[in-house]
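Numbering (the UniProt record's numbering), first residue to last: 1 to 305.
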Ligand SMILES: Cc1ncc(C[n+]2csc(CCOP(=O)(O)OP(=O)(O)O)c2C)c(N)n1
Ligand code: SF4
Ligand SMILES: [Mg+2]
């Protein structure tokens, strides 16, 4: 039977950490390790999850875990996997997994990630996306969405928050033709667990991009984090999808699958206005966000249906 939020193992592998209450990133790491099990070997770059997880003498991982330089998550995964192989360990027994933030993945870590995919190293890379550099005080990354207020994209008389669009890392990664990639949300836990199980059972490089709200950076109550992680999917600003490369799907170029298509989109305005970081958005800017969502969905329905 597939794992879901009700039957997932009670054993905790990531606990006692110092994350803020309501942290979506820590929920993603905790859930992923329940699927990957105690033999998983984890690598985490500089970022909130390493900052809250490795506080000497308290290591908050029950499995093996280490911190990597900010840029080097995927390169360190490559090294760990080679080391385990040299020791005669079977990849099925111990998944090598990285947990990196949006900055650590889409900005400084993208070169190492691209290299690991190019070599098709047998590793699972999970990007927990809280949409800014949270650990250093909420600076913009290339996954910060249009309009969001951060300390480097302030809101004031002459500035309107983030001016750039969120980079599509899932499609950039899929364009490499790797065995498996997926998007997920901590608000759709059963879907996330299913994708983790799927990724665990595949060899070669796998990638999961999970949206993981942050009360501190998003300016919303911690009790609303799972709701926001659902709302962003329901209003169409984040889609749940999978890519299976040729070696898994057997189809030249691979296949994309959309896992959830809202019959009618929930309100983008309600999603945005529930967060302090978007409070200054004008009506015109909100309709710009809606138009860009609609253009994206037209592409999805045309190309992936
Ligand atoms: C080479 C280098 N540059 C900058 C830093 C400082 N730094 C540590 S964590 C961090 C932000 C990480 O952001 P993200 O990857 O999105 O993870 P989050 O903190 O949001 O979980 C930065 C800039 C560093 N550790 N190393
Ligand atoms: S700042 Fe955000 S991402 Fe970092 S620990 Fe707190 S809630 Fe989690
Ligand atoms: Mg981040």
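Beta carbons are placed, not taken as given, at the ideal position from N, Cα and C, and that holds for glycine.
At the level of alpha carbons, what is the spacing between residue i and residue j?
i	j	result
residue 190	residue 6	9 angstroms
residue 17	residue 58	8 angstroms
residue 213	residue 179	27 angstroms
residue 266	residue 14	33 angstroms
residue 51	residue 22	16 angstroms
residue 240	residue 182	7 angstroms
residue 54	residue 60	6 angstroms
residue 305	residue 298	10 angstroms
residue 132	residue 216	11 angstroms
residue 139	residue 166	14 angstroms
residue 111	residue 164	21 angstroms
residue 223	residue 38	29 angstroms
residue 300	residue 236	11 angstroms
residue 20	residue 225	12 angstroms
Should residue i go down as buried or exposed, given a rule of 16 or more other Cβ atoms within 10 Å for buried?
i	result
residue 35	buried
residue 220	buried
residue 26	buried
residue 102	buried
residue 231	buried
residue 275	buried
residue 196	buried
residue 2	exposed
residue 284	exposed
residue 130	buried
residue 145	buried
residue 24	buried
residue 162	buried
residue 157	exposed
residue 118	exposed
residue 303	exposed
residue 192	buried
What distance in whole Å lies between the Cβ atoms of residue j and residue i, which are believed to be in contact at a cut-off of 8 angstroms?
i	j	result
residue 123	residue 81	5 angstroms
residue 142	residue 106	5 angstroms
residue 28	residue 186	5 angstroms
residue 84	residue 76	Contact flag wrong, Cβ pair sits at about 13 angstroms.
residue 280	residue 160	7 angstroms
residue 211	residue 199	With a Cβ gap of about 17 angstroms, residue 211 and residue 199 do not count as contacting.
Could you pull the DSSP bridge partners for residue i from this structure?
i	result
residue 127	100 and 209
residue 45	68
residue 156	159
residue 55	58
residue 146	Its beta-bridge partners do not exist; DSSP assigns none.
residue 15	Partner(s): none; residue 15 has no beta bridge.
residue 87	Answer is none; residue 87 lacks a bridge partner.
residue 139	133
### Message
Ignoring anything shorter than 4 residues, give me the alpha helix (DSSP H) runs that lie fully in the stretch 165 to 217, in order along the chain.
### Response
The qualifying runs are 169 to 174 and 189 to 200.
### Task
Tell me the start and end of each unbroken beta strand (DSSP E) in the stretch 207 to 281 that is at least 3 residues and wholly inside, in chain order.
Secondary structure in the stretch 207 to 281: the beta strand (DSSP E) runs of 3 residues or longer, each lying completely within the stretch, are 241 to 244 and 255 to 258 in chain order.
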